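Taking it in order: structure first as structure tokens, then the write-up.
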Amino acid sequence: MFGYYRVASAVNKTTVGNPAKNAEEILTLIKEAHTKEVSVIVFPELTLTGYTASDLLMNQTLITSQNDSFEYILKNMETINTIAILGLAVFEADRLYNCAAVIQNGKVLGVVPKSYLPNKKEFYEKRQFTSGRDIVRSTIQLLEEEVPFGVDLLFTDKADMTFGVELCEDLWAVTPPSNHMASNGANLLFNLSASNELIGKHEYREELVRTQSARCMASYVYSSAGVGESTTDTVFGGHAIISEYGSTLVQNERFRMDSHLITADVDLERLRWLRLNESSYCDGRRKKVRTVKVDTLPSISKIERDINPVPFVPSRYADKKDRCDEIVHIQAHGLIKRMRHAHIKKAVIGISGGLDSTLALLSTHRAFEMMGWDVKEIIAVTMPGFGTTTRTRSNAVQLCEALGVTLKTVDITDISLKEFEAIEHDRDEHSLTYENVQARARTSILMNMSNKEGGLVIGTGDLSEIALGWSTYNGDHMSMYALNSGIPKTLIQYVIEYYKSNEKIADIIDDILATPISPELLPANDDEIAQETESIVGPYELHDFFLYHFIKYGAKPSKILHLATIAFDTKYDEEIINKWLKVFLKRFFTQQFKRSCMPDGPKVGTISLSPRADWKMASDVDFETWLEGLE
177 MFGYYRVASA VNKTTVGNPA KNAEEILTLI KEAHTKEVSV IVFPELTLTG
227 YTASDLLMNQ TLITSQNDSF EYILKNMETI NTIAILGLAV FEADRLYNCA
277 AVIQNGKVLG VVPKSYLPNK KEFYEKRQFT SGRDIVRSTI QLLEEEVPFG
327 VDLLFTDKAD MTFGVELCED LWAVTPPSNH MASNGANLLF NLSASNELIG
377 KHEYREELVR TQSARCMASY VYSSAGVGES TTDTVFGGHA IISEYGSTLV
427 QNERFRMDSH LITADVDLER LRWLRLNESS YCDGRRKKVR TVKVDTLPSI
477 SKIERDINPV PFVPSRYADK KDRCDEIVHI QAHGLIKRMR HAHIKKAVIG
527 ISGGLDSTLA LLSTHRAFEM MGWDVKEIIA VTMPGFGTTT RTRSNAVQLC
577 EALGVTLKTV DITDISLKEF EAIEHDRDEH SLTYENVQAR ARTSILMNMS
627 NKEGGLVIGT GDLSEIALGW STYNGDHMSM YALNSGIPKT LIQYVIEYYK
677 SNEKIADIID DILATPISPE LLPANDDEIA QETESIVGPY ELHDFFLYHF
727 IKYGAKPSKI LHLATIAFDT KYDEEIINKW LKVFLKRFFT QQFKRSCMPD
777 GPKVGTISLS PRADWKMASD VDFETWLEGL E
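Start counting the sequence shown at 177; every next residue gets the next number (the working numbering).
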């Protein structure tokens with residue numbers, strides 16, 4: 177399913193010292209996981225005996241009972257291809273090891289010993305166990321079978337999943353074993369734990385799991401002992417967490433009195449390609465590892481995960497002010513550096529009453545305020561033409577007046593008509609030439625005015641337009657500093673809305689946000705916009721979605737299409753999404769020549785199409801290979 181795997185973290189109701197009873201609880205959860213199409217399920221540390229069995233773990237009766245119960249589980253899993261990871265006390269070479277046993281279809285695939293044994297305050301594992309941190313390239317005899325044993329084990333399906341296992345304190349160590357596992361290809365990490373509850377500890381534990389998933393560029397699945405463990409000196413809450421690349425996908429409610437599991441669908445294909453696309457992962461040192469091939473896993477019939485339809489926009493509204501402040505500061509400081517370096521004190525910007533020029537003006541105004549520069553040195557130019565409507569021009573004028581910038585108006589009608597005459601173009605032929613003459617006239621005016629005034633022309637084109645090539649070459653495609661070039665259209669709308677906190681411009685911004693997106697190059701109909709961009713190239717929310725997944729981790733078009741059908745389930749059907757995805761791919765490839773010579777501009781998010789820094793691509797690459805997956 178496009179690199180998605182369903183994983184589970186289970187917390188079984190424990191009866192300390194009674195492996196047979198625990199085995200029944202474990203099997204129930206494994207069967208539930210299998211029914212739910214889970215590929216791998218992880219249980220708490222020392223699952224069968226209970227973590228708090230303490231010195232009884234050195235008693236022959238308990239270990240024998242544990243092994244018998246483990247064998248019972250294996251026999252009852254012979255037809256279950258969900259992988260289960262259970263905690264076992266393993267007696268080997270006259271030493272006891274705290275281990276994780278990886279099992280599938282009634283077979284033991286491998287056993288991983290714990291590396292770091294806590295031996296302080298309420299923990300005293302060295303009383304019973306020996307560290308297995310140095311055990312590599314080894315095997316053990318378990319239930320009369322020779323199975324791989326060591327900290328050098330990884331498990332893979334030879335597709336997108338490679339996973340490693342560590343135990344409790346391993347994660348809390350200065351150098352967790354999972355670091356090395358990830359460096360050797362593990363994109364899925366499991367932790368069997370017995371972490372007791374103290375005031376505030378659960379918050380730190382969740383942060384630890386989440387940040388480790390980020391550092392390893394992996395998914396991390398954590399399960400900790402819960403109800404039924406001894407409360408003689410400590411209480412265990414049964415914390416279950418599933419994180420992916422720095423985000424917690426799901427965690428349970430602690431202190432539940434029943435056996436339960438949580439599940440999440442993790443995108444392992446994405447993680448593999450993210451490592452290649454945007455990190456120093458490939459510089460990590462590799463070690464010798466043993467890779468165990470797993471049997472066929474359950475396949476997901478339907479992805480059960482929220483797919484964000486606007487991936488460039490923060491999902492938490494509470495983060496809005498901080499995120500918008502950061503975006504505006506990046507823009508403002510980029511502009512300030514450029515103007516100071518060039519010894520320029522004026523900014524020249526074309527204002528249309530649309531989204532892009534609005535944000536560029538607002539961010540330029542913020543830069544001038546931050547530096548204490550006179551905002552009158554911002555020269556905002558409205559350039560009405562054949563398609564300009566009263567609504568957009570009025571919004572542009574009102575915004576400039578409210579901000580106190582210098583406003584100039586240059587009508588491009590006569591200039592365009594003379595240009596038509598010069599190149600022998602019929603003014604009634606509303607072709608691409610008709611449109612581009614106007615766009616280049618506007619850019620020419622801005623460039624010439626900047627020379628006259630000693631100013632810097634501020635580009636207004638955004639990341640979405642750059643991706644689609646929705647600009648006139650050497651027209652609005654060009655500027656002296658492309659202020660919006662790192663911000664996609666969906667995020668521009670989000671940031672502009674943030675400026676509504678300024679009551680003087682709140683109503684103007686509301687109307688700008690409600691105005692259809694248009695270059696206004698074709699004649700208006702009764703003073704109404706006749707040319708709506710999204711009816712020509714498609715909805716920007718779709719194109720931004722395509723752009724994110726295509727650039728972020730090089731997703732195949734077929735995967736982008738599938739994810740989009742989930743994200744926009746109630747808004748667009750698959751046929752419509754497929755149509756606009758083909759448009760995106762064709763335009764993205766054929767318009768690279770514009771990006772190859774685009775002006776400087778600040779990177780704002782993780783995705784940029786700057787040919788100097790982020791996106792290097794030949795201008796004449798064929799796109800047919802990418803379309804084939806959609807046919």
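All residues carry an ideal CB built from backbone N, CA and C; glycine is no exception.
Here the structure is a predicted model, which means the values were calculated and not measured.
What did DSSP end up calling residue i once you bin it into helix, strand or coil?
i	result
residue 576	helix
residue 719	helix
residue 312	coil
residue 355	helix
residue 725	helix
residue 180	strand
residue 326	coil
residue 430	coil
residue 280	strand
residue 416	strand
residue 317	strand
residue 658	strand
residue 709	helix
residue 300	coil
residue 652	coil
residue 395	strand
residue 773	coil
residue 346	helix
residue 203	helix
residue 423	strand
residue 305	coil
residue 295	coil
residue 538	helix
residue 335	coil
Would you call residue i buried or exposed, if buried means 16 or more other Cβ atoms sit within 10 Å of its Cβ?
i	result
residue 630	exposed
residue 385	buried
residue 253	buried
residue 541	buried
residue 196	exposed
residue 235	exposed
residue 190	buried
residue 188	buried
residue 681	buried
residue 587	exposed
residue 747	exposed
With a CB to CB cut of under 7 Å and the five nearest residues on each side skipped, what residues in its chain are close to residue i?
i	result
residue 306	271, 272, 273
residue 535	660, 668, 671, 672
residue 312	326, 327, 328
residue 616	648, 650, 651
residue 334	469
residue 857	For the chain, the structure presents residues 177 to 807; residue 857 sits outside this window and is missing.
residue 726	736
residue 654	619, 775
I'd like the span of the beta strand (DSSP E) that includes residue i, first residue to last.
i	result
residue 687	Note, residue 687: premise wrong, no beta strand (DSSP E); alpha helix (DSSP H) at 682 to 690.
residue 764	Run containing residue 764: none in the beta strand (DSSP E); it sits in the alpha helix (DSSP H), 750 to 766.
residue 365	364 to 369
residue 666	From DSSP, residue 666 is part of no beta strand (DSSP E) but of the alpha helix (DSSP H) over 665 to 674.
Closer than 8 Å by C-beta to residue i: which residues in its own chain qualify, once you throw out the five before and the five after it? Chain order, please.
i	result
residue 409	298
residue 259	215, 216, 217, 278, 279, 280, 285, 331, 470, 473
residue 245	195, 196, 198, 199, 224
residue 378	413, 415, 430
residue 584	555, 556, 557, 558, 625
residue 210	256, 257, 258, 474
Provide the residue span of the alpha helix (DSSP H) that contains residue i, from first to last.
i	result
residue 453	444 to 453
residue 800	800 to 804
residue 380	377 to 391
residue 338	Counting along the chain, residue 338 falls outside any alpha helix (DSSP H), though it belongs to the beta strand (DSSP E) covering 338 to 343.
residue 641	639 to 644
residue 740	733 to 743
Within the same chain, show all residues whose beta-carbon is closer than 6 Å to that of residue i, passing over the 5 residues directly before and after it, in chain order.
i	result
residue 641	647
residue 553	521, 522
Beta-carbon of residue i versus every beta-carbon of chain D: anything under 9 Å?
i	result
residue 343	Any reference to chain D falls outside this structure, which holds one protein chain only.
Where are the beta strand (DSSP E) runs, 3 residues long or more, that stay fully inside the stretch 552 to 630, in chain order?
Within the stretch 552 to 630, the complete beta strand (DSSP E) runs of at least 3 residues are 554 to 558, 582 to 585.
At which residue ranges does the stretch 207 to 273 contain complete beta strand (DSSP E) runs of 3 or more residues, listed in the order of the chain?
Entirely contained in the stretch 207 to 273, the beta strand (DSSP E) runs reaching 3 residues are, in chain order, 216 to 218, 259 to 268.
Only counting runs of 3 or more residues, tell me where the beta strand (DSSP E) segments fall wholly within the stretch 467 to 536, in order along the chain.
Runs of the beta strand (DSSP E) inside the stretch 467 to 536: 522 to 526.
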